[in-house]
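The next block holds one structure in the form of C-alpha cells; read it before the comments.
Quick look at the structure:
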C-alpha cells in the first residue's frame, strides 16, 4: 500500500503538466485577442424564445380583431397560397382575415364563432385518392364524422377544389358542406341554393383565373346579403389520403423527412430517347414501415443552372445571408421558408422556380418593369378580362414559361429578389408509387420513374425538377453516399385481405410501379404456403425491344407461376396501335369470369386523363356484352365494385 503513495518530495505538477497548461493558456489568449469578428447578418431581427403555440383560433380572432377565418388544407401548396391571398384581400372591404391550418387549431371551437361579431368561416376542401381528406384535415374530418357539436348561428361557405378527371370529384368539399349544415351551421355563398362552390381545375395552372371569377361571384353575393360585408375566405383542407400507421406515431413525415441512401440507380429501358429509371432507397434503422401500394414522397432541389441565372439577371450575391419576416406579427408562420438562410438556399431548396407563375405573381411584379409595354402586358395577363386570360394562357401556360423565362423575355423586369422570394410558392415534395413490397424488401423502397424533359414553344428545354435530380443520384457521389429526403404517404391502394381473391392489374408505362410490389408480395405469400388466387397483369409500352420495363423479372414471375397471366400491349410494334384496353376486350371472357364469378379485385395505375377512362369504358363494354347489362347498368355495376373496394385507381393527370 505504501508503494502506491506519492513521494512527499515529488512536485504536484510534472514538467509535462506545466507545458500543456501553458500551451492551452496561450491558445486561449490568442483566440481572445486575434479571433475574427463575426459578420453581422443583414436584415435579421433577433429571434425571441419560442412560446407555446396558441391553439384557439377564436381567442386569436378576438385578440387581433379578425372576423374572417380562412382554413386551408393543401397537398401541393395551392390552397394555402389561395387562402393567404383571400385573407389579405379582406382588408379591401373593411374586413380582417386570417389564414389558418386546421391541424394547428382546436376545431371544436367552431361552435363559438358566433362570439365574434359579423364573422364567417369558409372551408375550401381538396379531395385526395379515393375521396379521402388530405393529411392536415384528417383529424378535422374524423371529428366531423364522430362529433355532435351544435353549430347553430355559425356562418360558413365551402369551396371545393378538384379535377373532374378523377372519379371522386370534390367529394370532400361536398361532405364538409353537408355535415356542417347537418350540425346547424348556416351556408353563405354564391351557390346558397345548390350548396358547395365547385372549382374544377382540370388544368391546375388555370387556378388563378378560375378563382378570380369565383371570388367575384362570392363577394358580390355576400355583399348583397350583408351590405358592406365581403368575405374572401377559403378553407382548403389538406388531406393526405390516409394517416401514417407506424406503431402509434410516425417517426418521419413531411416535416421531418428521412435521409435515405441511394443504393441502386439503373436505367430500365434498353433503347430510345427517353430515360426510365429504377432507384432503391435504403431505410435501414429508420423504423419506417410501408405497405405495397403506398407512395414515397421525395424532396428534390432545383437545378443550380437556373438558380445562378436568376441571380445573374437580378444582380445579387446569392450567398448573402437573409431573413424574410412576416409583417403580420400574429401569423403563425413568421417566415416564408426557414430563416436565416441565403438567397441561394431559398431558390435551391424552398421555392418553386420551374412552374409557370400564377397571375397574382405577375400582378405584383409588374410594378418593377421599367418598360411601359412590359408593364402593360403583365397587368393584362393578371387581369380577369377575356383578352388577359387568353394572353396568359398562350404566353405563359402554353409556352411553359417559368419565372426565369419571364425575366429573360421581359428585359426591363428586374424586381427586388426579396419580393420575388416572398411571392414564389414553396417547392413541393414529389410522390411516386412504391415499386416494391416490404415483405420482400423490408429495408428498401423502390422507385420507378421516367425522366421529364421536353422542348417548349419558345425553344427552351424544360426539365422535371425531381426526376432529373433523382437521375443524377448515384449510389456513390465523389466518395460520399447520395441521399434523398423522403417519407411515406399511406394509400388505400391495397391488395385484397384474402389472398385467395384474384387480382387484375392494369398499369402501362411507369404505372407498373405498384404492381411490382403486388406481384412480389403474392410471390412471398406463395412461398409461405398460402393459397393465392389468380394474379393477372395487363402492361403496356411502346416497343418490346425498347421500353419493356422489368421484362426479365416479370417473365420470371410468369414462369414460376406467381403471375397467372402476363398480357403486354406493345403499342407501336405494329401498324395499328394496341393498348391495354384492347387486350382487356380481347380477353373479355376470362376477365368477366374473374370479376363476376370469382370476386376479383381490379387495380388501375397510370394516366387518369386517357388510359384510366379508356380502361373503365372497356369494363363497361365487357359488362354490357357478357353480363347482358345496359350502359347505365354497366356503369352502376362498376361503381358498386368501387364502393366495395374491388375497383381501385392510383392515377395522375
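Numbering (UniProt numbering), first residue to last: 1 to 653.
Backbone N, C-alpha and C fix where the C-beta goes; we use that ideal spot for every residue, glycine too.
What you are looking at is a predicted structure, and each value in this text was computed from that prediction instead of being measured.
Local conformation of residue i per DSSP, three classes
| i | result |
| --- | --- |
| residue 458 | coil |
| residue 647 | strand |
| residue 540 | strand |
| residue 306 | helix |
| residue 115 | helix |
| residue 269 | coil |
| residue 474 | coil |
| residue 421 | helix |
| residue 518 | helix |
| residue 566 | strand |
| residue 287 | coil |
| residue 91 | helix |
| residue 256 | strand |
| residue 465 | helix |
| residue 623 | helix |
| residue 596 | helix |
| residue 591 | helix |
| residue 301 | coil |
| residue 385 | coil |
| residue 632 | helix |
| residue 341 | strand |
| residue 135 | helix |
Close-in-space but distant-in-sequence residues of the same chain around residue i (CB under 7 Å, 5 per side omitted)
| i | result |
| --- | --- |
| residue 486 | 257, 258, 260, 281, 296, 297, 298 |
| residue 284 | 443 |
| residue 522 | 532, 535, 562 |
| residue 553 | none |
Residues near residue i in its chain [Cβ-Cβ closer than 8 Å; skip 5 each side]
| i | result |
| --- | --- |
| residue 518 | 292, 293, 437, 495, 503, 505, 535, 603 |
| residue 577 | 571 |
| residue 318 | 307, 308, 311, 342, 343, 344, 347 |
| residue 150 | 111, 183, 184 |
| residue 339 | 44, 322, 323, 324, 325 |
| residue 313 | 404, 407, 408, 414 |
| residue 620 | 631, 634, 635, 638 |
| residue 109 | 56, 57, 58 |
| residue 599 | 501, 502, 646 |
Inter-residue CB distance, residue i and residue j (contact presumed, cutoff 8 Å)
| i | j | result |
| --- | --- | --- |
| residue 471 | residue 450 | The pair is not a contact, with the Cβ atoms about 10 Å apart (cut-off 8 Å). |
| residue 533 | residue 501 | 5 Å |
| residue 660 | residue 507 | Past the edges of the chain, shown from 1 to 653, lies residue 660, and the structure says nothing about it. |
| residue 161 | residue 90 | Actually they are not in contact, since the Cβ atoms of residue 161 and residue 90 sit about 19 Å apart, beyond 8 Å. |
| residue 631 | residue 624 | 6 Å |
| residue 653 | residue 609 | 5 Å |
| residue 427 | residue 302 | 7 Å |
| residue 375 | residue 366 | 5 Å |
| residue 489 | residue 431 | 6 Å |
| residue 116 | residue 178 | That belief does not hold up - the Cβ atoms of residue 116 and residue 178 are roughly 24 Å apart, past 8 Å. |
| residue 474 | residue 265 | 6 Å |
| residue 512 | residue 550 | 6 Å |
According to DSSP, residues forming a beta bridge with residue i
| i | result |
| --- | --- |
| residue 652 | 607 |
| residue 642 | DSSP, once it has assigned bridges, lists no residue as partnering residue 642. |
| residue 558 | Note: residue 558 sits in no beta bridge, so no partner. |
| residue 277 | 267, 449 |
| residue 323 | Answer is none; residue 323 lacks a bridge partner. |
| residue 97 | 68 |
| residue 444 | 282 |
| residue 187 | 156 |
| residue 426 | 351 |
| residue 601 | 503 |
| residue 335 | According to DSSP, residue 335 bridges with nothing at all. |
Delimiting residues of the alpha helix (DSSP H) encompassing residue i
| i | result |
| --- | --- |
| residue 359 | 359–366 |
| residue 685 | Because residue 685 is not part of the residues shown, which for the chain are 1 to 653, the question remains open. |
| residue 582 | 580–586 |
| residue 400 | Segment: none, residue 400 is in no alpha helix (DSSP H) and carries neither H nor E. |
| residue 374 | 372–381 |
| residue 146 | 138–146 |
Spatial neighbours of residue i in its chain, beta-carbon cut-off 6 Å, leaving aside the 5 residues before and after
| i | result |
| --- | --- |
| residue 370 | 412 |
| residue 84 | 99 |
| residue 580 | 506, 508, 538, 540, 569 |
| residue 440 | 520, 524 |
| residue 337 | 346, 350 |
Start and end residues, beta strand (DSSP E) containing residue i
| i | result |
| --- | --- |
| residue 484 | 483–489 |
| residue 433 | 430–433 |
| residue 176 | Taken as a continuous stretch (DSSP letters only), residue 176 belongs to no beta strand (DSSP E), being part of the alpha helix (DSSP H) at 171–182. |
| residue 121 | 120–126 |
| residue 297 | 295–298 |
| residue 505 | 503–506 |
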